[in-house]
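Student: Protein chains in written order, with the working numbering: chain A, -12 to 235; chain B, -12 to 235. By construction, the Cβ of each residue, glycine as well, lies at the ideal position given by its N, Cα and C atoms. Only a predicted model underlies this, so the values are computations on that prediction, with no experimental measurement involved.
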DNA sequence: AAGTGGTCTAGACCACCAT
DNA sequence: TGGTGGTCTAGACCACTTA
């Protein structure tokens, strides 16, 4: 029996395996898209049976840390367009097909974290942050304004050029350039009114109702890595939430 | 090998077991809160190993059809206050603790399904429906107005008296009186403006922004059983959506 | 053909609950 | 004490991918 697998109190073996694998994933021991060792090899390394390894990986799959492909292997979950669409982008046309959003970066600034922001990002108030404003479009029509807040410490050399120059989703950038793998989000929604500037950006009337989405993006061990406030024009689009459909 | 377990094409054994159990659950063979036969007995009945039965039940648990209790057994999932709060009620105070909502039925009427409603409920346009309006309160403050639409055929003898006289959640009523077990919901959210009547009910100003939630409640085999449109005053409360947190 | 994950089995033992 | 679900094992075989 492997001592490394033991947790503080009595706990199932597979939880120990899961914990070790999670730590290796969080440490970036395997690159995104790369294959993990086969189940047989992991079983051998940890000194447990394959069934126990499978049970651990089952949970990693459920938490979207890894992806299994029969006959090929188990891979570090990678951020791409389809993952964005199915797990991280929740706006759909009121009538018609789901589509990929187009993102235009409007402003990129450096600032300091407000106390509330700092608490949500688990950093100290006043710590340096990036503030990024994006305009999201669907079918060529401006639909939402995004305001992101990131701790500079977590994205050391980020510049507007890097941000704008990317040819993939921003979570793919976080993952490949900074080793930060966004696993899930926690969102709070409310209705609000458009202010003058957003009114202009979204092409709605003053006093038009907008959907406000406050998102916290989380990585391994539930660590928050991004705040985002979106203001959405819901005349032609809606936020969807299919709950209980075997996960998120 | 049991012929009954076979599906149309080649499919894993445990999928067949799951299918049979789901059909028995949908047919109401076991009452809500009642124990299913033990895994050993099910394995014997279906002529498969316990491991195969466990895998089938794992999926039923993930889809919230049943609940397992170590040492006691596996039970038909039952609608109670805590299940409501964790899976079907998504409004939380912007600051403070989650609370159970108080529901007051304002109106109870009979009518006919509009074409759009009929499509969503999978009934024919013009079929008889119930239309129910509720006022939801949290901490003694009116927070939302609910408009429900139900097919009369699915709730044969429903009356206002039965509805108001219940001492539990409405999904508990659906389950115990009509054998309809709501398993999950699909929701679409947008921002809208308060009309005159809702303005009065929620105590907000004319032109105040409200959160509009359009819900479809689904039972076994993804059959829709209830439509609900909620208008929410989000000055003090918000809609939360924690996605990917090992199921929705 | 070799390697991977997916299914299925049979059995041992443990943890928990009711009685 | 007996019954239940939970864990863990070892091995066989299947399905799929890659070379």
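So, does the CB of residue 229 of chain A fall closer than 7 angstroms to a CB anywhere in chain B?
Tutor: For the purposes of this step, residue 229 of chain A is identified with residue 242 of the first chain, where counting begins at 1. With 7 angstroms as the cut-off, residue 229 of chain A counts as an interface residue toward chain B.
Student: Is there a C-beta anywhere in chain B that falls below 7 angstroms from the one on residue 207 of chain A?
Tutor: Position 220 of the first chain, counting from 1, holds the residue named residue 207 of chain A. Not closer than 7 angstroms to any Cβ of chain B, the Cβ of residue 207 of chain A fails to qualify, so no.
Student: What separation, rounded to the nearest whole angstrom, lies between the Cα atoms of residue 119 of chain A and residue 32 of chain A?
Tutor: What you label residue 119 of chain A is simply residue 132 of the first chain in a count that begins at 1. What you label residue 32 of chain A is simply residue 45 of the first chain in a count that begins at 1. Approximately 44 angstroms between the Cα atoms of the pair.
Student: Please confirm whether residue 211 of chain A has its beta-carbon closer than 7 angstroms to some beta-carbon of chain B.
Tutor: Here the question's residue 211 of chain A lines up with position 224 in the first chain. Taking Cβ atoms only, chain B never reaches closer than 7 angstroms to residue 211 of chain A, which makes this a no.
Student: Reducing DSSP to helix, strand and coil, say where residue 182 of chain B ends up.
Tutor: Within the second chain, numbered from 1, the residue matching residue 182 of chain B stands at position 195. Residue state, collapsed to three classes: coil.
Student: With a threshold of 7 angstroms between beta carbons, is residue 193 of chain A in contact with chain B?
Tutor: Position 206 of the first chain, counted from the first residue, corresponds to residue 193 of chain A. Cβ-Cβ to chain B under 7 angstroms: no for residue 193 of chain A.
Student: Given a cut-off of 7 angstroms on the beta-carbon distance, is the pair residue 19 of chain B and residue 162 of chain B in contact?
Tutor: By 1-based counting over the second chain, the position of residue 19 of chain B is 32. By 1-based counting over the second chain, the position of residue 162 of chain B is 175. It is a contact, given that the beta carbons lie within the stated cut-off.
Student: Tell me which residues of the stretch 161 to 195 of chain B have at least one Cβ-Cβ distance to chain A shorter than 7 angstroms, keeping chain order.
Tutor: Listed by position, the residues of the stretch 161 to 195 of chain B near chain A (Cβ gap below 7 angstroms) are 170, 171, 172, 173, 174, 175, 176, 177, 178, 179, 180, 194.
Student: Measuring straight from C-alpha to C-alpha, what distance separates residue 50 of chain B and residue 37 of chain B?
Tutor: Mapped onto the second chain, residue 50 of chain B falls at position 63. Mapped onto the second chain, residue 37 of chain B falls at position 50. Cα to Cα, the separation comes out at about 20 angstroms.
Student: Starting from residue 41 of chain A, trace the beta strand (DSSP E) both ways and give me its first and last residue.
Tutor: If you number the first chain from 1, residue 41 of chain A lands on position 54. Element bounds for residue 41 of chain A: not the beta strand (DSSP E) but the alpha helix (DSSP H), 37 to 49.
Student: Please state whether DSSP places residue 15 of chain A in a helix, a strand or coil.
Tutor: As a position in the first chain, residue 15 of chain A is number 28, starting the count at 1. Of the three classes helix, strand and coil, the one that applies to residue 15 of chain A here is coil, per DSSP.
Student: Which runs of the alpha helix (DSSP H) fall wholly inside the stretch 116 to 204 of chain B and span at least 4 residues, in chain order?
Tutor: With a minimum length of 4 residues, the continuous alpha helix (DSSP H) runs that stay inside the stretch 116 to 204 of chain B are 147 to 152, 157 to 165, 183 to 189.
Student: Quick one: what's residue 228 of chain A bridged to in DSSP?
Tutor: Mapped onto the first chain, residue 228 of chain A falls at position 241. B/174, per the DSSP bridge assignment.
Student: Just by C-beta distance, which residues in the stretch 32 to 52 of chain B are closer than 7 angstroms to chain A?
Tutor: Going along the stretch 32 to 52 of chain B in chain order, one finds 49, 50, 51 with a Cβ nearer than 7 angstroms to chain A.
Student: Determine the DSSP secondary structure at residue 70 of chain A, reduced to helix, strand or coil.
Tutor: On the first chain, position 83 is the one that residue 70 of chain A refers to. Here residue 70 of chain A sits in helix by DSSP.
Student: Nearest CA to the CA of residue 114 of chain B: which residue from B/121, B/136, B/122?
Tutor: Walking along the second chain from the start, residue 114 of chain B turns up at place 127. That would be B/136, whose Cα lies nearest to the Cα of residue 114 of chain B.
Student: Determine, using beta carbons only, whether residue 186 of chain B and residue 177 of chain B come nearer to each other than 7 angstroms.
Tutor: The count along the second chain starts at 1 and reaches residue 186 of chain B at position 199. The count along the second chain starts at 1 and reaches residue 177 of chain B at position 190. In this structure, residue 177 of chain B does not lie closer than 7 angstroms to residue 186 of chain B by Cβ.
Student: Would residue 197 of chain A pass as an interface residue toward chain B - the criterion being a Cβ-Cβ separation below 7 angstroms?
Tutor: To locate residue 197 of chain A, count along the first chain from 1; it is residue 210. Judged by the 7 angstroms Cβ criterion, residue 197 of chain A is in contact with chain B.
Student: I want to check one thing, is the minimum distance from the CB of residue 101 of chain B to the heavy atoms of the ligand MG below 6 angstroms?
Tutor: As for the ligand MG, it is missing from this structure, which has no ligand bound.
Student: Within 10 angstroms of its Cβ, does residue 87 of chain A collect 16 or more other Cβ (buried), or is it exposed?
Tutor: Sequence index remark: in the first chain, residue 87 of chain A carries index 100 (1-based). It is exposed - the Cβ of residue 87 of chain A has fewer than 16 other Cβ atoms within 10 Å.
Student: Contact defined as beta carbons within less than 8 angstroms: I believe residue 237 of chain A pairs with residue 52 of chain A. What is the distance between those atoms, to the nearest angstrom?
Tutor: Outside the shown range of chain A, which is -12 to 235, sits residue 237 of chain A, and nothing can be said about it.
Student: Do you know how far the Cα of residue 63 of chain B is from the Cα of residue 208 of chain A?
Tutor: On the first chain, position 221 is the one that residue 208 of chain A refers to. On the second chain, position 76 is the one that residue 63 of chain B refers to. Going by the C-alpha atoms only, they are around 33 angstroms apart.
Student: Take the Cβ of residue 157 of chain A as the centre, count every other Cβ of all protein chains shown within 10 Å, and call the residue buried at 16 or more, exposed below.
Tutor: Here residue 157 of chain A refers to the residue found at position 170 when the first chain is read from its first residue. Buried, because 16 or more other Cβ atoms sit within 10 Å of the Cβ of residue 157 of chain A.
Student: Within a Cβ cutoff of 6 angstroms, which residues of the same chain sit near residue 232 of chain B, ignoring the five residues on either side of it in sequence?
Tutor: As a first step, residue 232 of chain B is located in the second chain; it is residue number 245 there, counting from the start. Hits under 6 angstroms: none found.
Student: Show which residues of chain B have a CB atom less than 7 angstroms away from the CB atom of residue 148 of chain A.
Tutor: Here residue 148 of chain A corresponds to residue number 161 of the first chain, with the count starting at 1. The contacting residues do not exist; residue 148 of chain A stays about 31 angstroms from chain B at best.
Student: How many angstroms separate the CA atom of residue 215 of chain A from the CA atom of residue 172 of chain A?
Tutor: The sequence position of residue 215 of chain A within the first chain is 228, counting from 1. The sequence position of residue 172 of chain A within the first chain is 185, counting from 1. Each residue's Cα considered, the two are about 10 angstroms apart.
Student: Are any of the Cβ atoms in chain B nearer than 7 angstroms to that of residue 158 of chain A?
Tutor: Translated into the one-based positions of the first chain, residue 158 of chain A becomes position 171. Chain B contact via Cβ: absent.
Student: Using a cut-off of 9 angstroms between C-beta atoms, extract the partners of residue 252 of chain B located in chain A.
Tutor: Any property of residue 252 of chain B remains undetermined from this structure, which presents chain B solely from -12 to 235.
Student: Taking just the CA atoms, how far does residue 0 of chain A sit from residue 129 of chain A?
Tutor: By 1-based counting over the first chain, the position of residue 129 of chain A is 142. By 1-based counting over the first chain, the position of residue 0 of chain A is 13. For residue 129 of chain A and residue 0 of chain A, the distance between alpha carbons rounds to 51 angstroms.
Student: Going along chain A, which residues have a C-beta under 8 angstroms from residue 226 of chain B?
Tutor: Here residue 226 of chain B refers to the residue found at position 239 when the second chain is read from its first residue. Those within 8 angstroms of residue 226 of chain B in chain A are 175, 176, 177.
Student: Is the distance from the Cβ of residue 92 of chain A to the Cβ of residue 145 of chain A below 7 angstroms?
Tutor: Position 105 of the first chain, counted from the start, is the residue given in the question as residue 92 of chain A. Position 158 of the first chain, counted from the start, is the residue given in the question as residue 145 of chain A. For residue 92 of chain A and residue 145 of chain A, no; Cβs fall outside 7 angstroms.
Student: Do residue 24 of chain B and residue 196 of chain A count as a contact pair if the criterion is CB distance below 7 angstroms?
Tutor: As a position in the first chain, residue 196 of chain A is number 209, starting the count at 1. As a position in the second chain, residue 24 of chain B is number 37, starting the count at 1. Not closer than 7 angstroms, so no.
Student: Of all the options A/183, A/226, A/166, which has the alpha carbon lying nearest to the alpha carbon of residue 201 of chain A?
Tutor: Taking the first chain and counting its residues from 1, one reaches residue 201 of chain A at position 214. It is A/226 whose Cα lies nearest to the Cα of residue 201 of chain A.
Student: Could you work out which residue in B/59, B/218, B/76, B/204 is closest to residue 67 of chain B when comparing CA atoms only?
Tutor: Counted from its first residue, the second chain places residue 67 of chain B at position 80. For the residues B/59, B/218, B/76, B/204, the minimum Cα distance to residue 67 of chain B belongs to B/76.
Student: Could you work out which residue in A/230, A/141, A/154 is closest to residue 205 of chain B when comparing CA atoms only?
Tutor: What you label residue 205 of chain B is simply residue 218 of the second chain in a count that begins at 1. Closest by alpha carbon: A/230.
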